[in-house]
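Below is one structure, written out as structure tokens; the observations come after it.
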Amino acid sequence: MNKIAFFALMLALGLVGGCGNKKEEKKEEKDLARISQKQDKIEVKAAKARLAPFEMELVSNGKVNARRKAVLAFITNDVVRKVHVKNGERVKKGDPIVSVDELKAGQQLEAARLSWEKAKLELRGRLMNEGINSLEDTLDERVISKTRLENIKLQIGYTSAVKEYEKAVYDYSNITVYAPFDGVIADLEVKEYNQSSAYKEVCSVIDDATMEIVFNVLETEIAHLKAGMEVEITPYANDKVTLKGTVTEVNPKIDENGMVKVRATTDNPEAVLVDGMNVSILAKRQIADKLIVPKTAVLPRQGRKVVFVYENGRAIWKYVETGFENSREVCIESGLKEGEEAIYENNLGLSHECEVTLINKKE
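According to this note's numbering, the sequence shown is numbered sequentially starting from 4.
Next comes the structure, spelled out in structure tokens:
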């Protein structure tokens with residue numbers, strides 16, 4: 004009897020405990036469902052559609068040219084005695100570049116000087132025969148006519164002697180090639196102990212303090228580009244650097260491809276730009292009062308454009324028509340109102356009226 008009572012008591016306790024466990028399990032399931040529901044909410048960022056001036060961007064490819072570039076050549080031909088610089092070296096105006104041997108030029112100068120002195124003696128003798136005692140008297144046409152004096156000079160070789168002397172002075176003064184302005188040396192191939200006549204050019208001196216950029220734009224853009232307009236210049240070799248430039252001229256002629264040539268200049272203090280370098284050109288102009296949203300807010304769906312708008316914790320699907328766009332923003336022509344919050348981040352997987360969490364409420 005006692006055993007029967009004991010087992011009955013244990014069975015009752017087990018049933019009570021089982022009911023309690025089931026209630027706890029149901030509570031846990033509900034809590035997990037709530038947590039899962041919260042975790043299923045997609046975190047997004049949104050920005051208010053705003054009415055503001057819109058920055059149109061014109062992008063083009065350009066080529067960098069030095070505004071000043073001198074290709075130097077030998078004036079006096081002889082053996083190259085000294086090369087004073089190397090490629091990439093910076094020079095100042097008047098710095099020596101290369102020198103040829105001065106012996107031959109010096110001898111030619113002395114020979115020309117002697118020939119000139121001899122011609123002067125002969126001229127003096129002929130003038131004395133004409134009754135003229137000094138060269139100063141030849142300045143007075145009452146003493147001797149200009150035509151008669153020139154004929155005498157030609158007959159005795161005085162004129163040719165003067166020309167040869169002037170050329171010899173010029174050649175001797177150019178045995179060294181000098182930098183015509185501040186710049187950097189390029190294309191130097193000259194070697195010492197070679198004849199200067201073996202080289203068509205000595206080198207180039209490039210003034211890279213200010214560079215010119217030449218680029219083409221479509222003929223439809225010609226009305227929007229004017230001298231004085233600011234542009235941004237970014238080298239493809241270093242896209243982390245952007246320089247400010249100014250349009251200097253727009254060629255008023257359209258080529259056979261429907262393109263217009265434009266030139267701009269920029270300061271180059273850090274020598275970032277190099278002659279011949281390829282760059283990207285960005286020109287900006289403003290269009291008044293457009294409804295603007297981030298470019299990433301606009302998505303293609305079912306052959307149309309869609310923006311998800313944040314409303315009361317949900318993403319609302321709205322069809323839109325777009326207009327102008329640049330690298331960051333796009334103009335909305337219809338489908339949105341000013342102040343509506345366009346979701347622009349983490350919006351690719353959204354569906355209409357799905358629950359979302361806005362994580363940038365202050366923006």
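We treat Cβ as the ideally placed atom computed from N, Cα and C, and that holds for glycine.
DSSP state of residue i mapped onto helix, strand, coil
{"i": "Thr299", "result": "helix"}
{"i": "Ala50", "result": "strand"}
{"i": "Gly326", "result": "strand"}
{"i": "Lys95", "result": "coil"}
{"i": "Ser102", "result": "strand"}
{"i": "Ala230", "result": "coil"}
{"i": "Lys308", "result": "strand"}
{"i": "Leu221", "result": "strand"}
{"i": "Ser283", "result": "strand"}
{"i": "Asp258", "result": "coil"}
{"i": "Arg127", "result": "helix"}
{"i": "Asn68", "result": "strand"}
{"i": "Ile216", "result": "strand"}
{"i": "Leu191", "result": "coil"}
{"i": "Ile335", "result": "strand"}
{"i": "Thr245", "result": "coil"}
{"i": "Gly23", "result": "Reliability of the predicted coordinates at Gly23 is poor, the pLDDT of 48 falling under 50, and no value is obtained from them."}
{"i": "Lys170", "result": "helix"}
{"i": "Gly1", "result": "Only positions 4 to 366 of the chain appear in this structure, which leaves residue 1 out of reach."}
{"i": "Glu253", "result": "The sequence shown places Val at residue 253, rather than the Glu named in the question. Val253: strand per DSSP, three-state reduction."}
{"i": "Ile135", "result": "coil"}
Cut-off 8 Å between Cβ atoms - residues of its own chain near residue i, not counting five sequence neighbours on either side
{"i": "Leu351", "result": "Leu302"}
{"i": "Cys357", "result": "Ile45, Arg317 and Ala318"}
{"i": "Arg116", "result": "Tyr168 and Ala171"}
{"i": "Phe327", "result": "Phe57, Met59, Ile290, Lys293, Val333 and Cys334"}
{"i": "Gly261", "result": "Leu221 and Glu222"}
From the options, residue whose alpha carbon lies closest to that of residue i
{"i": "Leu83", "options": "Ile178, Glu224, Phe218 and Asn90", "result": "Before going on, a small fix: residue 83 reads as Val here, not Leu. It is Ile178."}
{"i": "Arg307", "options": "Ile319, Glu324, Tyr313 and Leu294", "result": "Glu324"}
{"i": "Glu224", "options": "Leu285, Asp270, Lys72 and Asn315", "result": "Leu285"}
{"i": "Ile155", "options": "Glu252, Met59, Lys123 and Ala55", "result": "Lys123"}
{"i": "Lys51", "options": "Gly342, Arg93 and Val101", "result": "Gly342"}
{"i": "Gly338", "options": "Tyr347, Lys321, Lys149 and Ala189", "result": "Lys321"}
{"i": "Leu361", "options": "Ser354, Tyr347 and Val220", "result": "Tyr347"}
{"i": "Glu235", "options": "Arg70, Glu222 and Glu215", "result": "Glu215"}
{"i": "Lys72", "options": "Lys107, Asp211, Lys166 and Lys298", "result": "Asp211"}
{"i": "Pro297", "options": "Lys85, Lys256 and Asn349", "result": "Asn349"}
{"i": "Ser148", "options": "Ile159, Leu130 and Val277", "result": "Leu130"}
{"i": "Met282", "options": "Asn219, Thr79 and Glu92", "result": "Before going further, note that residue 282 is Val rather than Met in the sequence given. For Val282, the nearest C-alpha among the options comes from Asn219."}
{"i": "Gln305", "options": "Ser354, Ile257, Val277 and Lys364", "result": "Ser354"}
{"i": "Leu106", "options": "Ser176, Ala189, Pro255 and Asn271", "result": "Ser176"}
C-beta atoms of residue i and residue j nearer than 8 Å
{"i": "Glu125", "j": "Tyr161", "result": "yes"}
{"i": "Lys89", "j": "Phe184", "result": "no"}
{"i": "Asn241", "j": "Val187", "result": "no"}
{"i": "Ser163", "j": "Val103", "result": "no"}
{"i": "Thr245", "j": "Thr268", "result": "no"}
{"i": "Leu294", "j": "Leu61", "result": "no"}
{"i": "Arg70", "j": "Thr237", "result": "no"}
{"i": "Val47", "j": "Tyr239", "result": "no"}
{"i": "Val2", "j": "Ala345", "result": "Not covered by the structure: residue 2. The range shown for the chain is 4 to 366."}
{"i": "Ala114", "j": "Asp81", "result": "no"}
{"i": "Ala49", "j": "Asn271", "result": "no"}
One or two residues paired with residue i in a DSSP bridge
{"i": "Arg288", "result": "Met59"}
{"i": "Gln198", "result": "Val82"}
{"i": "Leu75", "result": "Cys206"}
{"i": "Tyr313", "result": "Ala318"}
{"i": "Leu361", "result": "Val47"}
{"i": "Asp270", "result": "Thr213"}
{"i": "Val277", "result": "Answer by DSSP bridge pairing: none, since Val277 is not bridged."}
{"i": "Tyr181", "result": "Pro99"}
Cβ neighbours of residue i in the same chain (closer than 7 Å, five flanking residues each side left out)
{"i": "Val217", "result": "Gly65, Lys66, Asn68, Lys264 and Arg266"}
{"i": "Ile100", "result": "Leu75, His87, Val88, Val180, Tyr181, Ala182, Val205 and Cys206"}
{"i": "Cys22", "result": "Model confidence at Cys22 stands at a pLDDT of 48, short of 50, so the residue's coordinates are unreliable; what they give is reported in the following sentence. Hits under 7 Å: none found."}
{"i": "Val172", "result": "Leu112"}
{"i": "Glu58", "result": "Lys287, Gln289 and Asn329"}
{"i": "Gly231", "result": "Thr249 and Val250"}
Nonlocal neighbours in the same chain, by C-beta distance under 6 Å from residue i, ignoring five residues either side
{"i": "Tyr202", "result": "Val193"}
{"i": "Glu336", "result": "Glu324 and Gly326"}
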